[in-house]
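A quick write-up on the structure given underneath.
In this note's numbering, the protein residues as written are 4 to 382.
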């Protein structure tokens, strides 16, 4: 058992908060700590993540306030090799993957649609980009960082060697993967800083509706904050993104930053081509979208907010939220649901972490995307 005597610095601190700050508990989430404390009201369990006592008595309330002089004793059951165990479960699979560039420091790939980037302990142990890269380059050919970050599900461990950024499963396009510690650290910093001078990320998207500046300005005019942004740059959409209150994997966008947990998301848009299609009676626009920040689902949720949702986006495009038996799906909904999401990361530029020079890689719009655009051009 380890022990600690509470000093004035920790007086009146909650027990769960105290444990979460303790480095010995760094592998556990706040919810795991609170739940384990509450479970101490039950008979002792050998599988408990830890046991904690104050002044020799088991505590069952996470909100228990500490007092000066309290003696906290604890023992922890530590899973010493979670990543090693998970990595051993991940197979090297001969899955076709388009390699755009490779050297001893980085790999640049064109990820196909309908491919998850990396495995996790709860799902996707096969068929991912990592499975494919392990087959091509081996475990020693990708840099596996020592830390194991907590996911949205506290018990869900990830195995993501070399991964410094991600694309959604249904988003295709350019990704860079690190092969060395130097490359991993250098790329990670660039993605975290989101420096427009060192990094460029441009996506091709097919959206419903037109993307002319006047139309977008009218949509954004209802917000005082956004009206200021419009005057500064009409081709930039600035929103504030937070987690959906009921669906953790989903995001919600707001025009104004009225909540402490929101993060600013800035997207620059350039309309490329408009399509007026008689078959579907819908106007479509092919648009280039350049990220100036990098938030989860940034493009998808931003375009949904301005009522220009992505074609094929079943999470943020309301046309796909049809409940069975309540409304018949129209032809466009059926056709595009089969095709999938029309979002492609076509360009990625960054400072090469070894040569310290700017490099840029592009991937052409995929065949399913081009075929649908040909179809709506001809109707």
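Every residue gets a Cβ at the ideal spot worked out from N, C-alpha and C, and that includes glycine.
Since the model is a prediction, treat every value here as computed from it, not as a measurement.
Its chain contains 112 and 113 as the residues whose beta carbon lies nearer than 7 Å to that of residue 101, once the 5 sequence neighbours on both sides are disregarded; these appear in chain order. Using a Cβ distance threshold of 8 Å, residue 255 and residue 295 do not count as a contacting pair.
Segment contact: the region 346 to 354 against the region 367 to 382, three or more CB-CB distances shorter than 8 Å; contact assigned. Between residue 311 and residue 293, the C-beta gap is not smaller than 8 Å, which leaves the two residues out of contact. By the criterion of at least three beta-carbon pairs nearer than 8 Å, the region 129 to 139 is in contact with the region 165 to 180.
Per DSSP, the continuous alpha helix (DSSP H) segment holding residue 303 begins and ends at 301 to 308. Each residue's CA atom was taken as its position, placing residue 265 and residue 245 some 5 Å apart.
Residue 251 sits in coil when the DSSP states are folded into three classes, being neither helix nor strand. Taken through DSSP and simplified to helix, strand or coil, residue 195 comes out as helix. In the structure shown, residue 213 falls within a coil segment according to DSSP collapsed to helix, strand and coil. If you check the CB distance, residue 313 and residue 303 come in under 8 Å. DSSP places residue 137 in no beta strand (DSSP E) but in the uninterrupted alpha helix (DSSP H) bounded by 132 to 140. The closest CA to that of residue 51, considering only 58, 59, 37 and 60, is found on 37. Across the set 185, 205 and 318, the C-alpha of 318 shows the shortest separation from the C-alpha of residue 340.
In its chain, beyond the 5 residues on either side, 111, 113 and 364 have a beta carbon closer than 6 Å to the beta carbon of residue 103. Taking C-alpha positions only, residue 70 is separated from residue 30 by approximately 26 Å. Inclusion of residue 195 and residue 353 in the CB contact set at 8 Å is not warranted, their separation being larger than that value. Nearest Cα to residue 171 within the set 316, 287 and 250: 316. Annotated as distal: residue 274 and residue 320, with beta-carbon spacing of 8 Å or more. Contact annotation: residue 119 and residue 75 have beta-carbon atoms that are not nearer than 8 Å.
Taking C-beta separations shorter than 6 Å and ignoring five residues to either side along the sequence, the partners of residue 137 in its chain run 95, following chain order. The beta carbons of residue 62 and residue 35 sit about 16 Å from each other, so the pair does not count as a contact at 8 Å. Of the residues 241, 250, 162 and 164, the one whose Cα lies closest to the Cα of residue 301 is 241. In the three-state reduction of the DSSP assignment, residue 378 falls in the helix class. Of the residues assessed, residue 279 falls on the exposed side of the cut-off, its CB having fewer than 16 other CB atoms within 10 angstroms.
Nearest Cα to residue 186 within the set 176, 73 and 165: 165.
With contacts defined as CB atoms closer than 8 Å, residue 290 and residue 239 fail to qualify as a contacting pair. Around the beta carbon of residue 184, fewer than 16 other beta carbons lie within 10 angstroms, which makes this residue exposed.
Counting every other CB atom within 10 Å of its CB across the protein chains shown gives residue 39 a total of 16 or more, marking it as buried.
In the displayed model, residue 237 falls within coil according to three-state DSSP, outside both helix and strand. DSSP, read as helix, strand or coil, puts residue 338 in helix.
For residue 291, the uninterrupted beta strand (DSSP E) run begins and ends at 285 to 294, by DSSP. In the three-state DSSP reduction, residue 361 falls in the strand class (E or B).
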